[in-house]
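**Q** Structure in structure tokens, see below.
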Amino acid sequence: MAITVLFFASLADAVGIRELSLSHVSGDTVASVRNRLVETYPQIAEFTPTLLYAVNEDYADEDTPVPADTTLALIPPVSGG
Amino acid sequence: MAITVLFFASLADAVGIRELSLSHVSGDTVASVRNRLVETYPQIAEFTPTLLYAVNEDYADEDTPVPADTTLALIPPVSGG
Amino acid sequence: MLIRVTSEQLHPQEAIDAVRQNEAGAIDVFLGIVRNSNKGRAVNHLVYEAYPSMAEKTMLELAEEAVERFDLTGSAVLHRTGRLEIGETSLLVAVSAGHRAATFEAGHWLVNEIKRRVPVWKKEVWADGEEWIEGPESLGIERAPASIQDS
Amino acid sequence: MLIRVTSEQLHPQEAIDAVRQNEAGAIDVFLGIVRNSNKGRAVNHLVYEAYPSMAEKTMLELAEEAVERFDLTGSAVLHRTGRLEIGETSLLVAVSAGHRAATFEAGHWLVNEIKRRVPVWKKEVWADGEEWIEGPESLGIERAPASIQDS
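Residue numbers (our numbering), protein chains in the order written: chain A, 1 to 81; chain B, 82 to 162; chain C, 163 to 313; chain D, 314 to 464.
Next up, the structure:
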């Protein structure tokens, strides 16, 4: 009953972590998981205004549900191409 | 004191010639040379409504002068690409 | 449909061969190339990072949407990751269609959407530092998260 | 600037290498391909005829004009002549620029102008006959000789 969280690019540099596992809480959404992460890693807060999210590789809103055994990616503005 | 005339594609097929040499006449223009050609090769007439012309490899108008030792190309509508 | 995120060099001929069809009269190919400068600053090299599985998924969705929208006969999207030197190809997009107008429009649309949606990030490395280039700066527009989150 | 009328096969990589510059962030490549049908009729093969010296001259003029108009860092135009089978490349155009929008616009403009102005003709050969495809039919528009004769 865990959530896998992925960090990328500038956010991974800021947090110093690329992937972590988090306990799942009943009723979790993107926002609730993100808020728990900010408690542990306050440096995430400055990224949140421009952060996008993906749940199991689909772009998601803040109120998208995050079930157990889900991968949540925190996605800084992309710059591929 | 000659003019080289070039024929291409459908016009070359119709005339049965790809290149010929013509005597130059003082004051020759694209139109005057074309008209002399039509006298000899009346099958050119049906092409003239859509024909373009080039004098020494530059697109030309009917009243563009054609000096001696010039190459005049009779250019059916192009279809490259 | 050829879709790939890879640390290996990208070869245009492979993408062209992937979209060439007997019904296609036109192929458009786009290459994103590492420039030697950005905003007046000399670039030494770039480092691309991707969320590979989601990047490939998003590239496939966009390639399929392009085929639908522009009535293409084929599409291919490849993105390189890792360290890229000046002049190397970071992005390779190829589309084919019956006629040319659709290929230019589809190619341009597809590259724009890839830059908006595919989870890939670019780090510029200069002689004296480095920086992640992100979002609005790389797009040259205001960020529009609402439409990005539409999907 | 790479400009060529040739009966040899066209290789996209050669055109790409010719326009790749350290200042270029984007390359667009267009390939005109022999389709297996036209207006519902099955095509066996095509034969392209050119006025080679004038074709190369016109291609060079257009490639230079594209560089001016779209602020390109490079351009290349190659046209094949002779017999071409289904799937073979008849026209190859490559342009490079600092950014992508200019390459798509320049590529499309250049291909349109090539089809309007370069003295090359295409003959379709079917199982039971053949025909020169000329001008308006190949362009799908009314002929506009006035603007063509402007130069």
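Note that CB positions come from ideal geometry on N, CA and C, so glycine has one too.
Mind listing, in chain order, the continuous alpha helix (DSSP H) runs of no fewer than 4 residues lying wholly within the stretch 173-223 of chain C?
**A** If we require 4 residues or more, the alpha helix (DSSP H) runs fully inside the stretch 173-223 of chain C come out as 174-181.
**Q** How about Val438/D and Ala389/D: do their beta carbons lie closer than 8 Å?
**A** Not a contact, by the Cβ cut-off of 8 Å.
**Q** I need the straight-line Cα distance from Leu222/C to Lys277/C, nearest angstrom please.
**A** The alpha-carbon atoms of Leu222/C and Lys277/C are separated by roughly 14 Å.
**Q** Would you kindly work out how many angstroms separate the C-alpha atoms of Leu92/B and Trp434/D, rounded to a whole number?
**A** Their backbone Cα atoms lie some 11 Å apart in a straight line.
**Q** Of the choices Ile165/C, His270/C, Lys285/C, whose alpha-carbon is the least far from that of Pro214/C?
**A** That would be Ile165/C, whose Cα lies nearest to the Cα of Pro214/C.
**Q** So Ser252/C contacts chain A; which residues on that side make the cut at Cβ distance below 9 Å?
**A** Within chain A, the residues near Ser252/C are Gly80, Gly81.
**Q** So, are the CB atoms of Ala228/C and Leu272/C less than 8 Å apart?
**A** Cβ distance < 8 Å, so Ala228/C and Leu272/C count as in contact.
**Q** Looking only at its own chain, which residues have a Cβ that is under 7 Å from the Cβ of Ala234/C, when we skip the five neighbours before and after it?
**A** The identity of residue 234/C in the sequence shown is Leu, whereas the question assumes Ala. So the qualifying residues of the chain are Ala228, Val257, Ser258, Ala259, Ala264, Ala268.
**Q** Output needed for Thr152/B: all residues of its chain with C-beta closer than 6 Å, excluding positions within five of it in sequence on either side, in chain order.
**A** For Thr152/B, where only same-chain residues beyond five positions count, the Cβ hits under 6 Å are Thr85, Asn137.
**Q** Would Leu172/C pass as a contact of Thr251/C if the rule is Cβ separation under 8 Å?
**A** In this structure, Thr251/C lies closer than 8 Å to Leu172/C by Cβ.
**Q** Could you give the DSSP three-state label for Glu120/B: helix, strand or coil?
**A** Of the three classes helix, strand and coil, the one that applies to Glu120/B here is helix, per DSSP.
**Q** Roughly how far, in whole angstroms, is the beta-carbon of Pro157/B from the beta-carbon of Glu447/D, given that I think they are within contact range, below 8 Å?
**A** 5 Å between Cβ atoms; contact.
**Q** Measuring only between beta-carbons, confirm whether Ala31/A sits less than 8 Å from chain C.
**A** Answer no: the Cβ-Cβ gap between Ala31/A and chain C never drops below 8 Å.
**Q** How would you list, in chain order, the residues of chain C whose beta-carbon sits under 8 Å from the beta-carbon of Ile75/A?
**A** Here the neighbours are Tyr213, Pro281.
**Q** Could you name the residues of the same chain whose beta carbon sits closer than 8 Å to that of Ser32/A, not counting the 5 residues immediately before and after it, in chain order?
**A** The residues are Val25, Val66.
**Q** Who are the Cβ neighbours of Gly400/D in its own chain at under 7 Å, not counting the five residues just before and after it?
**A** Only Ile346, Val347 meet the Cβ criterion.
**Q** Could you have a look at His261/C and say whether DSSP puts it in helix, strand or coil?
**A** In this structure, His261/C counts as coil in the three-state DSSP scheme.
**Q** Among the candidates Ala154/B, Thr145/B, Leu101/B, Ile98/B, whose CA atom is the shortest distance from the CA of Met367/D?
**A** When each option's Cα is compared against that of Met367/D, the closest is Ala154/B.
**Q** Could you tell me whether the Cβ of Lys201/C comes closer than 8 Å to any Cβ of chain A?
**A** Judged by the 8 Å Cβ criterion, Lys201/C is not in contact with chain A.
**Q** Can you tell me whether DSSP reads Ile295/C as helix, strand or coil?
**A** If DSSP states are grouped into helix, strand and coil, Ile295/C belongs with the strands.
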